[in-house]
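Reading through the structure tokens given below for one structure.
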Amino acid sequence: MNAKFKALTQYPLKDKIKRQHLRLPVSLFDIVVFCLLILLAFVFIYPFLFMLVNSFKSYNDIINITVKWLPREFTFSNYTIAYNALQVQKTFINSLFVTVFATMGHVLSCSFIGYGFARFRFPLRRVLFSIVILSFLIPVQTLIIPMYITYSNLNMLETYLPLIFPTFLGFGLKGGLFVFLFRQYFIRIPKSLDEAASIDGCGPLRVFFRIALPSSGATAIVCIVLSIVWHWNDFYEPGIYISSFDDMLLPQILGSLYHLLNKLSVDPNMEVAAEGAKIMYHKGIVMAGTVMAILPPFIAYLFLQKRFIEGVERTGLVE
């Protein structure tokens, strides 16, 4: 007993703490990794900081070379001018309409197609799935001419149908990727669930809508977030199919901001028209318009962030 007591009391508490610190040193590798992570985070965060700071700068601060970061006087006039010039109240509704219906089309059609590839065996299944993979690997710019001719023959130009209709067929903006994600998820579901449901009298459609689709919530969240971000920020296809200012989407109309500011200066119906001589095109107004354009998908991602990360882990995008 005395020997055990001596062994326990041989080293004081301070010596124990010192030994623990010696056993857990911060290695050079950890320092390098932390520095690289900080640098990488700065690379991604810097454009947002630049955009946000410059959106509050006045024209005098923009042309003043001594003003680097924080403006000398914060102004919200850039947001007022950009809001009126971009007709945010109208273009926001246009973008929301396209984004919501296109996302609905992607989730419904891509989950249905992915379930078919995962559960059924049919001729040319691998060939068709390879075509699905190619559909999101090939840039849309290489297909835009035949697509434009097709939609023109169907009298779909100057409408939102070229942006929404393909999503209900499993195509659209990166639709092939969503088919792939749903297929990867449905492959992991045991077939015994389908067999048990079929014994209870469920056909393939009822099995899909009652078992497969409700259980794919994590994958659906991934597709919803990606579809919202990609459709909201899409600039190329809306610019091809839509040319009317009244029907333009919010990110699309940003490219016409210079023309819209000139129009705003002489519009007697606008509150800022009285300041027409003071309205000048500068990057502060552009940054304010950009902030308003990216704010909706950013807010949507904040609410769905946790479910999105869980879905990415379950769908196999990362291991």
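The sequence shown begins at 156 in the working numbering and counts up by one. Ideal placement from N, C-alpha and C gives every residue a C-beta, glycine not left out. Just so we're clear, the structure is a prediction, and the values are computed from it rather than from any experiment.
Counted as a single uninterrupted DSSP element, the alpha helix (DSSP H) harbouring Tyr-201 occupies residues 183-209.
Close CB contacts of Asn-209 within its chain, under the 7 Å cut and outside five residues either way in sequence, are with Lys-438, Gly-439 and Met-442 (chain order). In this structure, Ile-383 keeps its C-beta atom at 8 Å or more from the C-beta atom of Ala-273. Within the model, the alpha-carbon separation for Ile-248 versus Leu-348 is close to 42 Å.
Counted as a single uninterrupted DSSP element, the alpha helix (DSSP H) harbouring Leu-318 occupies residues 316-319. Annotated as proximal: Gly-325 and Ser-264, with beta-carbon spacing under 8 Å. A Cβ-Cβ distance of about 4 Å is found for the pair Gly-466 and Val-377, placing them in contact under the 8 Å criterion.
Of all C-beta pairs linking the region 216-230 to the region 383-392, fewer than three are shorter than 8 Å, placing the two stretches out of contact. When the beta-carbon positions are compared, Val-287 and Phe-335 come within less than 8 Å of each other. At a cut-off of 4 residues, the continuous stretches assigned as alpha helix (DSSP H) that sit fully inside the region 340-371 are 346-354 and 359-362. The DSSP-derived three-state label of Gln-242 is coil. The beta carbon of Ser-398 sits closer than 8 Å to those of Glu-313, all from its chain and outside the five residues before and after it, given in chain order. Per DSSP, the continuous alpha helix (DSSP H) segment holding Pro-406 begins and ends at 405-408.
In the three-state DSSP reduction, Tyr-436 falls in the coil class, being neither helix nor strand. In this structure, the alpha-carbon of Ile-354 lies about 44 Å from that of Pro-452. Scanning its chain for C-beta atoms nearer than 7 Å, with the 5 sequence neighbours on each side dropped, one finds no residue around Ile-193.
DSSP places Gly-331 in the helix class (H, G or I) of the three-state scheme. With contacts defined as CB atoms closer than 8 Å, Leu-328 and Val-253 fail to qualify as a contacting pair.
Inter-segment contact for the region 406-417 and the region 232-248 is present: three or more beta-carbon pairs are separated by less than 8 Å.
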